[in-house]
Amino acid sequence: MSFDRELFDDARKEFLSHLLYAKGHSKTTCYVYNSDLGIWRDWLIEAGKDWQAVQYPDVEQFAAWLMRERGVKAHIVNRRLSALSTFYKWLQRGGIVDTDPVALAEKPKRPLRIPVWLEREEQQRLEATIKDRRNIPINIFGNNQVRMTETRRRYEMLFGLMLNSGLRISEALRLKASDVRLVDGTARSVRVIGKGDKERLVPLPGAFGAVFGFWLKDRNRGEAIFAKADGKPVSPQAAGAYLRLMLKKAGIEKKISPHKLRHTYAT
Numbered sequence: 050m051s052f053d054r055e056l057f058d059d060a061r062k063e064f065l066s067h068l069l070y071a072k073g074h075s076k077t078t079c080y081v082y083n084s085d086l087g088i089w090r091d092w093l094i095e096a097g098k099d100w101q102a103v104q105y106p107d108v109e110q111f112a113a114w115l116m117r118e119r120g121v122k123a124h125i126v127n128r129r130l131s132a133l134s135t136f137y138k139w140l141q142r143g144g145i146v147d148t149d150p151v152a153l154a155e156k157p158k159r160p161l162r163i164p165v166w167l168e169r170e171e172q173q174r175l176e177a178t179i180k181d182r183r184n185i186p187i188n189i190f191g192n193n194q195v196r197m198t199e200t201r202r203r204y205e206m207l208f209g210l211m212l213n214s215g216l217r218i219s220e221a222l223r224l225k226a227s228d229v230r231l232v233d234g235t236a237r238s239v240r241v242i243g244k245g246d247k248e249r250l251v252p253l254p255g256a257f258g259a260v261f262g263f264w265l266k267d268r269n270r271g272e273a274i275f276a277k278a279d280g281k282p283v284s285p286q287a288a289g290a291y292l293r294l295m296l297k298k299a300g301i302e303k304k305i306s307p308h309k310l311r312h313t314y315a316t
C-alpha cells in the first residue's frame, strides 16, 4: 500500500496544534514531537508501510533500525516511541486508526549506569576555579575585562544555582527574573516549568540565595537571567563547554555534564 504523505502531514500538524493549544505544551516540546514523527514518517516510506495500518512488530523494527543503523541510545529510542504512542492514541480517539501500535511493542532496555557526581572537596574546587577570573579563556574575549567578568559571574551563578537547587540545565536557562522570589534582597525560591510543562517552586539555601539575589538586583522582571550581553540565551552546549573547561582547570577528570550536576545536588 502506498504511503499517503499528505494525509500523514495533515494529521501531524493537527496533532501538534492540539499539543500546543489544547494541552499547553511548550514550542520546544512540540518541536521534538515534530522531529520524532518526521523520522517515523521517513522510515515508514522507506520500508513501504502504511502509517494507518502499522502493528507492534513494525514499531519494534523501527526501534531496532534506530539503534542499529543510526546508533541511537536506548533511552532516546524509548522517548521517540513514547512520542509515537501519544500520537497514535490521539489518532485512535479521533477514529483515524484502530489501535496504538506502540502499546504492545517491546521497548529497548537501558543499560544500568552508576550516577557520577562531585565529592564535596571536588565541588569546592570547581566553584573556586569558576570564581577565579584568571581562568576565563582570553582567546575568546581578548582583553575585554568587562565581558570576561560578566561571563565568569554568569556561569558562576548558573552552576551555583544548579548545585544548590537540583535544576536541570534546560530549566535553569529558561528562568526569567520574574521567576525568582526575592525577600529583602535574598532569593528564597525559583518558579520552574519542568518536564511536561509542570510548574513547581524550588527553595534556595540562604547563603546562595543572598549572593544570587544580589546578582539579580538590577534585572528587569521580564529579562532572561542567563542571557548573554547581546540578549540571546546561553545554549546548553555553551554551558557544557564552559563546564568542561573549568573541570579541566580544576584538575577534575570525571565526566560531568551540566545535567549531572543534579546528581551532586542529590548527594
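Just so we're aligned: the sequence shown equals residues 50 to 316 in our numbering.
Where is the CB? At the ideal position from N, CA and C, for every residue including glycine.
Contacts around K76, its chain only, beta-carbon distance under 8 Å, and the 5 residues preceding and following it disregarded: Excluding positions up to five away in sequence, the list reads L69.
L130 beta carbon less than 8 Å from that of V108: Cβ atoms of V108 and L130: closer than 8 Å.
Proximity winner among G215, W114 and A299, relative to I179 (alpha-carbon distances): When C-alpha distances from I179 are compared across G215, W114 and A299, the shortest belongs to A299.
Alpha carbon of F257 to alpha carbon of K225, nearest angstrom: Take the alpha-carbon of F257 and the one of K225: they are about 18 Å apart.
Nearest neighbour of G209, chosen from G143, N83, Q104 and P254 [CA to CA]: Checked all of G143, N83, Q104 and P254; the closest Cα to G209 is P254.
Complete runs of the alpha helix (DSSP H) confined to the segment 250 to 303 [at least 4 residues]: The DSSP assignment places complete alpha helix (DSSP H) segments of no fewer than 4 residues inside the segment 250 to 303 at 255 to 265 and 285 to 298, in order along the chain.
Member of P157, K303, Q110 and P307 whose CA lies at the smallest distance from the CA of V219: With the sequence shown as reference, residue 219 is identified as Ser, and Val is not the correct amino acid for it. Out of P157, K303, Q110 and P307, P307 has the C-alpha closest to the C-alpha of S219.
Beta-bridge pairing of N242 - partner residues as DSSP gives them: Note on residue identity: the sequence assigns Ile, not Asn, to residue 242. E248, per the DSSP bridge assignment.
8 Å contact criterion, which W89 and L133 should meet: CB distance rounded: With a Cβ gap of about 6 Å, W89 and L133 count as contacting.
Contacts around G271, its chain only, beta-carbon distance under 8 Å, and the 5 residues preceding and following it disregarded: Here G271 has K225, A226 and S227 as same chain residues with Cβ atoms under 8 Å from its own Cβ, once five neighbours each way along the sequence are excluded.
Sufficient close CB pairs (3 or more, under 8 Å) joining the segment 197 to 214 to the segment 268 to 283: Touching, yes, given that three or more Cβ pairs across the two stretches are closer than 8 Å.
R61 to L216 span [Cα, whole Å]: When the Cα atoms are used, R61 and L216 turn out to be separated by approximately 32 Å.
Bridge partners - L231, DSSP secondary structure assignment: According to DSSP, L231 shares a beta bridge with A236.
Three-way DSSP call (helix, strand, coil) for K225 in this model: Here K225 sits in strand by DSSP.
Pairwise C-alpha distance: P157 and V121: The alpha-carbon atoms of V121 and P157 are separated by roughly 11 Å.
Spatially closest choice to C79 from I305, E302 and D246, by CA coordinates: If we check each option's Cα against that of C79, D246 comes out closest.
L56 - DSSP class collapsed to helix/strand/coil: DSSP, read as helix, strand or coil, puts L56 in helix.
Exposure label - L86; buried when at least 16 CB within 10 Å: Burial call: buried.
Collapsed DSSP secondary structure at A132 in the structure displayed: A132: helix per DSSP, three-state reduction.
beta-carbon K281 near the ligand PLP non-hydrogen atom, thresh 7 Å: Judged by which ligands are present, the structure shown has none, so any question about the ligand PLP falls away.
Residue from I305, A112, P164 and P252 with nearest C-alpha to V151: Cα-wise, what sits closest to V151 is A112.
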